[in-house]
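Note sheet for the following structure.
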Amino acid sequence: MAIPASLTKGLTLPVIAAPMFLVSGPDLVVECCNAGVIGTFPSLNQRTTEGYRDWLVEIKSRLKPDAAAFGVNHIVHPTNPRLMADMMVSVEHQVPLIITSLGAVRDVVDAVHGYGGVVFHDIANVRHARKAAESGVDGLILVANGAGGHAGIINPFALVNEVRSFFDGTIILSGCLSTGQDVAGALMMGADFAYMGTRFINTTEAEAPAAYKDMIIESGATDIVHTAAVSGIPANFMTKSLQANGIDPKVLPDHKLDMGDEAKAWKTVWSAGQGAGAVHDVVPTAELVDRLRSEYAQATEQFAKKVGVA
Ligand SMILES: Cc1cc2nc3c(=O)[nH]c(=O)nc-3n(C[C@H](O)[C@H](O)[C@H](O)COP(=O)(O)O)c2cc1C
Numbered sequence: 029m030a031i032p033a034s035l036t037k038g039l040t041l042p043v044i045a046a047p048m049f050l051v052s053g054p055d056l057v058v059e060c061c062n063a064g065v066i067g068t069f070p071s072l073n074q075r076t077t078e079g080y081r082d083w084l085v086e087i088k089s090r091l092k093p094d095a096a097a098f099g100v101n102h103i104v105h106p107t108n109p110r111l112m113a114d115m116m117v118s119v120e121h122q123v124p125l126i127i128t129s130l131g132a133v134r135d136v137v138d139a140v141h142g143y144g145g146v147v148f149h150d151i152a153n154v155r156h157a158r159k160a161a162e163s164g165v166d167g168l169i170l171v172a173n174g175a176g177g178h179a180g181i182i183n184p185f186a187l188v189n190e191v192r193s194f195f196d197g198t199i200i201l202s203g204c205l206s207t208g209q210d211v212a213g214a215l216m217m218g219a220d221f222a223y224m225g226t227r228f229i230n231t232t233e234a235e236a237p238a239a240y241k242d243m244i245i246e247s248g249a250t251d252i253v254h255t256a257a258v259s260g261i262p263a264n265f266m267t268k269s270l271q272a273n274g275i276d277p278k279v280l281p282d283h284k285l286d287m288g289d290e291a292k293a294w295k296t297v298w299s300a301g302q303g304a305g306a307v308h309d310v311v312p313t314a315e316l317v318d319r320l321r322s323e324y325a326q327a328t329e330q331f332a333k334k335v336g337v338a
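So the sequence shown is residues 29 to 338, counted in the numbering used here.
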């Protein structure tokens with residue numbers, strides 16, 4: 029149970045800014061890494077493998093010598109025709125952290141380990157966690173109830189305890205982590221990293237429209253609905269965004285509505301996690317990371333006082 033040595037360089041807070049479809053791009057990644065947390069993006073945020081390569085070249089050229097590592101998310105599934113080509117580019121550029129979604133495959137893990145990279149795999153239930161652990165991944169991202177995007181439905185305490193009982197690699201907790209206090213809480217529960225998505229949408233550098241960021245500020249946990257109606261797989265979306273598109277969040281079907289392809293659906297209806305209720309502003313990434321660091325320090329100090337060690 030630890031952070032892999034190759035990911036500790038430049039890291040000033042155990043936070044990964046999670047990869048987000050249509051939201052994370054080079055500006056967000058570079059600002060995260062230069063501020064001391066791990067920045068990531070899905071390779072599919074670029075329309076082509078060549079575009080993906082261009083982003084890697086750009087990101088590497090903009091990172092400061094003491095920047096934290098960066099990561100890329102690959103969808104490991106037959107529905108992703110770019111997997112092989114994108115993976116080859118990741119290997120060529122020796123991407124420090126590869127985040128796999130859907131499939132945890134030994135060949136991918138071996139290819140990344142071959143150049144000294146690290147593989148974290150995201151799971152939303154214990155069965156998938158066991159399968160991924162068997163494929164040799166270095167870490168498991170536990171996507172708990174209330175997370176943005178394709179969220180799980182399991183309580184984070186339950187998920188961490190069950191997975192920790194058979195997995196001694198790195199544990200990354202995902203879902204509703206919005207503050208430095210939340211980061212401290214995740215570590216106290218036994219996680220090694222906090223994985224934060226929704227909080228990073230509301231940064232100046234995130235590639236989301238201003239109205240999307242405003243809607244996050246206006247939303248609380250009860251304004252988030254977990255539904256398969258947008259993407260076919262259950263994910264969390266803002267009810268205000270469904271309503272803005274003429275969809276009644278109270279009568280959602282359990283199948284995908286006709287909203288066009290995946291990119292169109294996510295561009296039309298905006299995803300966020302239940303942690304939106306703790307997001308009150310849009311700030312530059314560097315300022316957000318500074319804030320998270322001081323909240324984290326405050327939380328650990330207050331905890332030490334509470335338990336009588338300070
Ligand atoms: C708009 C949006 C898009 C997302 N797209 C992806 C993605 O492409 N790949 C992925 O692995 N996770 C994706 N996620 C999930 C995040 O990586 C992460 O698990 C989640 O945002 C964490 O929960 P939080 O939003 O409550 O912090 C997405 C989340 C959001 C909000």
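Every residue, glycine too, gets a C-beta built ideally from N, C-alpha and C.
Please read all numbers here as calculations on a predicted model, not as lab measurements.
With distances taken Cα to Cα, identify the nearest neighbour of residue i among the options.
i, options, result
"Gly389", "Arg321, Asn173 and Thr313", "This structure does not reach residue 389, given that the chain is present from 29 up to 338, and the question cannot be answered."
"Gly144", "Ala33, Asp289, Met266 and Ser259", "Ala33"
"Asn101", "Ser71, Val123, His121 and Pro93", "Ser71"
"Val171", "Phe98, Gly164, Val335 and Met224", "Met224"
"Trp298", "Val317, Arg319, Phe331 and Ser247", "Ser247"
"Ser206", "Gly174, Arg134, Ile103 and Ala113", "Gly174"
"Gly213", "Gln326, Asn73 and Glu59", "Gln326"
"Arg319", "Met115, Arg227, Arg75 and Glu78", "Arg227"
"Cys61", "Ala95, Val51 and Gly131", "Ala95"
"Val119", "Asn108, Ala139 and Gly131", "Ala139"
"Glu78", "Val57, Ala46, Ser52 and His121", "His121"
"Gly303", "Phe331, Asp135, Val253 and Asp282", "Val253"
So what's residue i in DSSP terms, helix, strand or just coil?
i, result
"Gly213", "helix"
"Val51", "coil"
"Phe194", "coil"
"Ile182", "coil"
"Thr255", "strand"
"Asp150", "strand"
"Asn264", "strand"
"Ala45", "strand"
"Ile87", "helix"
"Thr412", "No answer is possible for residue 412: the residues shown for the chain start at 29 and end at 338."
"Asn230", "coil"
"Ser202", "strand"
Can you check whether the CB of residue j is closer than 8 Å to the CB of residue i?
i, j, result
"Met243", "Lys268", "yes"
"Gln209", "Glu329", "no"
"Trp294", "Phe69", "no"
"Gln271", "Pro277", "yes"
"Pro106", "Val211", "no"
"Leu215", "Gly197", "no"
"Asp55", "Glu233", "yes"
"Val188", "Ala219", "yes"
"Ala249", "Gly176", "no"
"Leu125", "Leu39", "no"
What whole-angstrom Cβ distance do residue i and residue j have, given they're in contact under 8 Å?
i, j, result
"Asn264", "Ala300", "7 Å"
"Arg90", "Val117", "With 8 Å as the limit, Arg90 and Val117 do not qualify as a contact, their Cβ atoms being about 18 Å apart."
"Phe148", "Val165", "7 Å"
"Lys284", "Ala256", "6 Å"
"Val65", "Val317", "6 Å"
Is any non-hydrogen atom of ligand 2 found closer than 7 Å to the C-beta of residue i, if you look at the structure I gave you?
i, result
"Phe49", "Ligand 2 is not part of this structure, which contains only ligand 1."
#### Entry: Three CB pairs or more closer than 8 Å across the segment 307 to 322 and the segment 179 to 197
no
### Task
Examine the Cβ distances between the segment 176 to 189 and the segment 200 to 208 and report whether three or more of them are shorter than 8 Å.
yes
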